[in-house]
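Chains as they are written, first to last, in full-length UniProt numbering: chain H, 1 to 165; chain B, 1 to 215.
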């Protein structure tokens, strides 16, 4: 079971990386959240019965963990050394050859609240309304309403940021 | 504009695809760590509370059964008996909540259910019921009333006035010690330092939960 779990985490590590980037400002916090999400996934893994897809199940647990976690806890030094040596979460910042829009997107998303962040991420991941509803517990109709509102908000923020630049 | 941003999001996807795989050793080390989640912290605190109450309960029973104060009348046992009952009630309530929390599985729920469960748990954690609050007050009162156990003996040995005065003095000392401890933040340290923090977090989570329900 452990081997299967390790393969699954590596296959879907992008989901966890993205959530860490959305919800944490600094690297240490991102690593803490990543570790907590992996731990919660492991605890829930025996109960996973493929009723939903692996990715939907992972989104649900990872988002729950990040939104309901204790934010002010400090990582223990023993954990820090291992995590720092072996592990790096790719950040949103674009490299020299990459699109500047990624940075623009990051700045805009940073200004959303935690629920809006979750919804916009699921939208960008091209999840269906049904999946978004399954992950968040919002009705399908409400998902549409909320997403439209968030898109307008994002556009406003992006336009404002472009104007400033 | 947003569709262009979807393209930008895909750029990030590619960056992730190119990233190094996580080593088996790292993932195994992660699943061996203690959880830092809010729910785990609350569960741990309740469990510690049960252990703490059990310790004081056993100590109370030892006093009753080994009778180190040489009590001779049933009434003399009254304060320590009340103390034991209070500690038993508080410990029992904590144990009951610990069992209830074992069945709560926040991670598997959808976000809305998770937020509701967590806010309910935190609400309960922040505000023990009126009954438990009263039990806690009685428990502290027994510390002040404990010298009354010796009143009858003191009156017999030292006379009415001296017996009452000495008992009152002992009770005052206990009372003053509790007041000093309270002023110095001894109770706040355990119950209220994190209280404000939890209240703030509870409010934040409530707002998020409302945000999800909002049409």
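For each residue, glycine too, the CB sits at the ideal point set by N, CA and C.
- Query: Taking only beta-carbon atoms, is residue 12 of chain B less than 8 Å away from chain H?
  - Reply: Stepping through the second chain from its first residue, residue 12 of chain B is reached at position 12. Judged by the 8 Å Cβ criterion, residue 12 of chain B is in contact with chain H.
- Backbone secondary structure at residue 190 of chain B - three-state DSSP: The count along the second chain starts at 1 and reaches residue 190 of chain B at position 190. Residue confidence is low: residue 190 of chain B scores 49 on pLDDT, short of 50, so the model does not pin down where it sits. No coordinate-derived value is stated.
- Item | Runs of beta strand (DSSP E) wholly within the segment 94-138 of chain H (minimum 3 residues, chain order) | The DSSP assignment places no complete beta strand (DSSP E) segment of no fewer than 3 residues inside the segment 94-138 of chain H.
- Message: Are the CB atoms of residue 22 of chain H and residue 109 of chain H within a distance shorter than 8 Å?
- Response: Within the first chain, the letter at position 109 stands for residue 109 of chain H. Within the first chain, the letter at position 22 stands for residue 22 of chain H. In terms of Cβ geometry, residue 109 of chain H and residue 22 of chain H form a close pair [threshold 8 Å].
- Query: For the segment 101-124 of chain B, which residues have a CB atom closer than 8 Å to at least one CB atom of chain H, in sequence order?
  - Reply: Sequence-ordered contacts of the segment 101-124 of chain B with chain H read 105, 106, 107, 108, 109, 110, 111, 112, 113, 114, 115, 118 [C-beta pairs closer than 8 Å].
- Kindly indicate the opening and closing residues of the alpha helix (DSSP H) around residue 88 of chain H. Locating residue 88 of chain H in the first chain gives position 88, counting from the first residue. For residue 88 of chain H, there is no enclosing alpha helix (DSSP H), since its DSSP letter is neither H nor E.
- Taking the alpha helix (DSSP H) that residue 48 of chain H falls in, what are its first and last residues? To locate residue 48 of chain H, count along the first chain from 1; it is residue 48. No alpha helix (DSSP H) holds residue 48 of chain H; DSSP gives it neither H nor E.
- Residues of the segment 37-69 of chain B with a CB closer than 7 Å to any CB of chain H: list them in chain order, please. Of all residues in the segment 37-69 of chain B, the ones placed with a Cβ closer than 7 Å to any Cβ belonging to chain H are 37, 38, 41, in chain order.
- Item | For residue 132 of chain H and residue 168 of chain H, the rounded distance between their alpha carbons | Lying before the first or after the last residue shown, residue 168 of chain H is absent from chain H, which here runs from 1 to 165.
- residue 96 of chain B: first and last residue of the uninterrupted alpha helix (DSSP H) it sits in: Here residue 96 of chain B corresponds to residue number 96 of the second chain, with the count starting at 1. Per DSSP, residue 96 of chain B belongs to the alpha helix (DSSP H) from 78-102.
- Query: Helix, strand or coil for residue 66 of chain H per DSSP?
  - Reply: To locate residue 66 of chain H, count along the first chain from 1; it is residue 66. If DSSP states are grouped into helix, strand and coil, residue 66 of chain H belongs with the helices.
- Task: Let me know the secondary structure DSSP gives residue 37 of chain B once reduced to three states.
- Result: Stepping through the second chain from its first residue, residue 37 of chain B is reached at position 37. DSSP places residue 37 of chain B in strand when its eight states are reduced to three.
- Query: By how many angstroms is the C-alpha of residue 208 of chain B removed from the C-alpha of residue 112 of chain B?
  - Reply: In the second chain, the residue the question calls residue 112 of chain B occupies position 112. In the second chain, the residue the question calls residue 208 of chain B occupies position 208. The straight-line gap from Cα to Cα measures roughly 9 Å.
- Closer than 8 Å to chain H by CB, residue 24 of chain B: Mapped onto the second chain, residue 24 of chain B falls at position 24. Cβ-Cβ to chain H under 8 Å: yes for residue 24 of chain B.
- Query: What whole-angstrom Cβ distance do residue 24 of chain B and residue 44 of chain H have, given they're in contact under 8 Å?
  - Reply: Counting from one through the second chain, the residue named residue 24 of chain B turns up at place 24. Counting from one through the first chain, the residue named residue 44 of chain H turns up at place 44. Contact doesn't hold; Cβ gap of about 20 Å is too wide.
- Distance between beta carbons of residue 83 of chain B and residue 135 of chain B, contact taken as under 8 Å: Within the second chain, numbered from 1, the residue matching residue 135 of chain B stands at position 135. Within the second chain, numbered from 1, the residue matching residue 83 of chain B stands at position 83. No, residue 135 of chain B and residue 83 of chain B are not in contact; Cβ-Cβ is about 11 Å, not under 8 Å.
- Message: Would residue 58 of chain B and residue 80 of chain B be called neighbours here (beta carbons separated by less than 8 Å)?
- Response: As a working mapping, residue 58 of chain B is identified with position 58 in the second chain. As a working mapping, residue 80 of chain B is identified with position 80 in the second chain. For residue 58 of chain B and residue 80 of chain B, no; Cβs fall outside 8 Å.
- Just the Cα atoms here: how many angstroms apart are residue 49 of chain H and residue 146 of chain B? Numbered from its first residue, the first chain carries residue 49 of chain H at position 49. Numbered from its first residue, the second chain carries residue 146 of chain B at position 146. Here the C-alpha atom of residue 49 of chain H lies approximately 58 Å from the C-alpha atom of residue 146 of chain B.
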